[in-house]
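A.B. asks:
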Amino acid sequence: MMFSARKALFALAWLAAAALPLAAAPQNIEAAQKTFPAAKPVGQTLCLLIDGVHVAVFGTANGDVVGVLAYPNPSKNPALLEKMREALELENTDIKYFGDKKRPAAFMLCKGAAGKYAKATAGAFAETVGEALAFVAAGGDFSPDKVADDAFVWKMSGSNMQVAFPITEGKIQALEAIGAAARSMNGHKAEKLWEKLGMSPDGKEVDRNTSKMIAQFLGCDAIFFTNRSMDKDFWKNVRENKPDRKGKNKKVNMSVVRTEDKRILLGDEEILRNGDPGRNDFDTIWPTEAATWPGALAVNDAPVEEVKEDKPKKTERVAVVKKVDKPEPDPFAAERKRTLTPAQAMDEYLQYLQEL
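Per our numbering, residue 3 is the first one in the sequence shown, and the count goes up by one each step.
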């Protein structure tokens, strides 16, 4: 009997749990595009203009949303990211404010999705920009620093080293280190940067003499770190100052170099030969049409403009003169005012009687 009662309680508990509404799963990039049809996709990043703010929703190769960038968005106005979190049904988020007065910004990290890429083998050179940002954010070695004209800049913890992340159609081909620490780049700094960005573990620092030879081979000013194999064929090509034959070396060689125009670039040597980090001006990625909020979030919560009543104009005081009706003139008034002697009065009275 007791066993049956226990089974009945379990059954009731299961039915009660089944009756509860399931929590909505976070939207992916495809669903976010439907939520904001005016948004412009750039690879797996969704770019939109809403409430006068530039917003980039970063996604992974399979569409998971890993972060949201908003600028200009000061810390005194957190409502926009809160509405974005609600619109995309995101959970377990963390918001960081950064930038300066000219371009204040905020970044909302989706910690659950980003955590999947904390140990990604490709590191910062992942399949999408979103995965690269998830890697550096989840690793804790970088934090958002500023939004430049052509990149989302992150700063390495405990250092003045900054790395500019472009918003690209596909995977990141090249990264640029900027700032004072980058301008004084050396082998040790390059190794630290290499490690924090999750580049291949078999890299090695390049000594000064070797750096000069390889730099000439690559067509750059200096090389600080590389994972390329320096075999006999490589040195032969270096002496002849020729690139590897097509298909000869199938391995992607990643390096940290300083280009002729003193830029510090990281990535595939074939890409770095051009000295171009492959970044586009951010003005080209934002749509001109403003997006609107979905559903209940579309309610206009802008402050109501106060209507000022016109004050009456000041006028000069005018003296009011009351009109008084004048009495009819008295024809005998002059006569009454004339003073008569008794004799004159008698004569006039007798004359009056005669006229009757």
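C-beta atoms are modelled at their ideal positions from N, C-alpha and C, and glycine is treated no differently. These numbers come from a predicted model, not from an experiment.
So, are the CB atoms of Lys42 and Pro289 less than 7 Å apart?
C.D. replies: For Lys42 and Pro289, yes; Cβs fall inside 7 Å.
A.B. asks: Enumerate in chain order the residues of its own chain whose CB-to-CB distance from Asp66 is below 7 Å, with the five nearest sequence positions on each side excluded.
C.D. replies: Only Asn30, Ala115 meet the Cβ criterion.
A.B. asks: Could you name the residues of the same chain whose beta carbon sits closer than 8 Å to that of Arg105, not counting the 5 residues immediately before and after it, in chain order?
C.D. replies: Only Tyr73, Pro74, Lys148, Val149 meet the Cβ criterion.
A.B. asks: Give me the Cβ distance between Ser178 and Pro279, rounded to the nearest whole Å; I'm assuming they're in contact under 8 Å.
C.D. replies: The question names Ser, but residue 178 in the sequence shown is Glu. Indeed they touch by this definition, with Cβ atoms about 4 Å apart.
A.B. asks: What are the complete alpha helix (DSSP H) segments, minimum 4 residues, inside the stretch 143-195?
C.D. replies: Qualifying alpha helix (DSSP H) stretches, in chain order: 182-185.
A.B. asks: By how many angstroms is the C-alpha of Leu48 removed from the C-alpha of Asp209?
C.D. replies: Spanning the two alpha carbons is a distance of roughly 43 Å.
A.B. asks: Work out the CA separation of Ala298 and Gly200 for me, nearest whole Å.
C.D. replies: Going by the C-alpha atoms only, they are around 42 Å apart.
A.B. asks: Using C-beta distances below 8 Å, list every residue in its chain close to Ala192, excluding the 5 sequence neighbours before and after it, in chain order.
C.D. replies: Closer than 8 Å at Cβ, skipping near neighbours: Glu207, Phe226, Phe227, Val258.
A.B. asks: Is the Cβ-Cβ distance between Asn255 and Glu271 less than 7 Å?
C.D. replies: Yes, the pair counts as a contact, with Cβ atoms nearer than the cut-off.
A.B. asks: Between the Cα of Lys103 and the Cα atoms of Pro203, Cys112, Pro76, which residue gives the shortest distance?
C.D. replies: The candidate whose alpha carbon is nearest that of Lys103 is Pro76.
A.B. asks: Let's test the definition: count the other Cβ atoms within 10 Å of the Cβ of Val70 and tell me whether it reaches 16, buried, or not, exposed.
C.D. replies: Val70 should be labelled buried.
A.B. asks: Taking Cβ positions only, does Lys238 come closer than 7 Å to chain D?
C.D. replies: Protein chain content of the structure displayed is limited to a single chain, and chain D is not contained in it.
A.B. asks: Can you give me the C-alpha to C-alpha distance between Asp233 and Asn79, rounded to a whole angstrom?
C.D. replies: Between Asp233 and Asn79, the C-alpha separation is close to 57 Å.
A.B. asks: Nearest CA to the CA of Ala260: which residue from Ala122, Met158, Leu220, Ala128?
C.D. replies: Checking the displayed sequence, the identity of residue 260 turns out to be Arg instead of Ala. That would be Leu220, whose Cα lies nearest to the Cα of Arg260.
A.B. asks: Is it the case that the Cβ atoms of Phe137 and Tyr119 are separated by a distance below 7 Å?
C.D. replies: The answer is yes: Cβ separation under 7 Å.
A.B. asks: Here's the rule: buried if 16 or more other CB atoms are within 10 angstroms of the residue's CB, otherwise exposed. What is Val301?
C.D. replies: It counts as exposed.
A.B. asks: Grab me the residues of Met110's own chain with a C-beta within less than 6 Å of its C-beta, minus the 5 sequence neighbours each way, in chain order.
C.D. replies: Within the same chain, Met110 has close Cβ partners Val70, Leu83, Thr95, Ile97.
A.B. asks: Is it true that the CB of Gly132 sits closer than 7 Å to the CB of Thr62?
C.D. replies: It is a contact, given that the beta carbons lie within the stated cut-off.
A.B. asks: When the Cα of Ala170 is compared with those of Gln35, Val59, Asp349, Ala40, which residue comes out closest?
C.D. replies: Checking the sequence shown, residue 170 turns out to be Thr, not Ala. Among Gln35, Val59, Asp349, Ala40, the Cα nearest to that of Thr170 is on Val59.
A.B. asks: One question on the structure: do Phe34 and Leu90 come within less than 7 Å of each other, judged by their Cβ atoms?
C.D. replies: Checking the sequence shown, residue 34 turns out to be Ala, not Phe. Yes, Cβ-Cβ distance for Ala34 and Leu90 is below 7 Å.
A.B. asks: How would you write the range of the beta strand (DSSP E) that Ile225 sits in, first residue to last?
C.D. replies: Its beta strand (DSSP E) spans residues 224-228.
A.B. asks: Taking the alpha carbon of Asn64 as the reference point, which residue from Asp235, Arg275, Gly45 has its own alpha carbon closest?
C.D. replies: For the residues Asp235, Arg275, Gly45, the minimum Cα distance to Asn64 belongs to Gly45.
A.B. asks: Is the beta carbon of Asn162 closer than 7 Å to that of Ala176?
C.D. replies: Taking 7 Å as the Cβ cut-off, Ala176 and Asn162 do not qualify as a contacting pair.
A.B. asks: Determine the closest residue to Arg185 out of Gln164, Pro146, Gly141, Lys113, with distance taken between C-alpha atoms.
C.D. replies: Residue Gln164 is the option with its Cα nearest to Arg185.
A.B. asks: Looking only at DSSP bridge pairs, what is Phe137 linked to?
C.D. replies: In the DSSP output, where bridge partners are listed per residue, Phe137 has none listed.
A.B. asks: For Ala292, is the classification buried or exposed, using 16 other Cβ atoms within 10 angstroms of its Cβ as the cut-off for buried?
C.D. replies: Under this definition Ala292 is an exposed residue.
A.B. asks: Determine the direct distance from the alpha carbon of Gly125 to that of Glu262, and round the result to whole angstroms.
C.D. replies: Their backbone Cα atoms lie some 27 Å apart in a straight line.
A.B. asks: In the structure shown, what three-state DSSP assignment does Tyr351 receive?
C.D. replies: Here Tyr351 sits in helix by DSSP.
A.B. asks: Going by DSSP in three states, Gln346 sits in which element: helix, strand or coil?
C.D. replies: If DSSP states are grouped into helix, strand and coil, Gln346 belongs with the helices.
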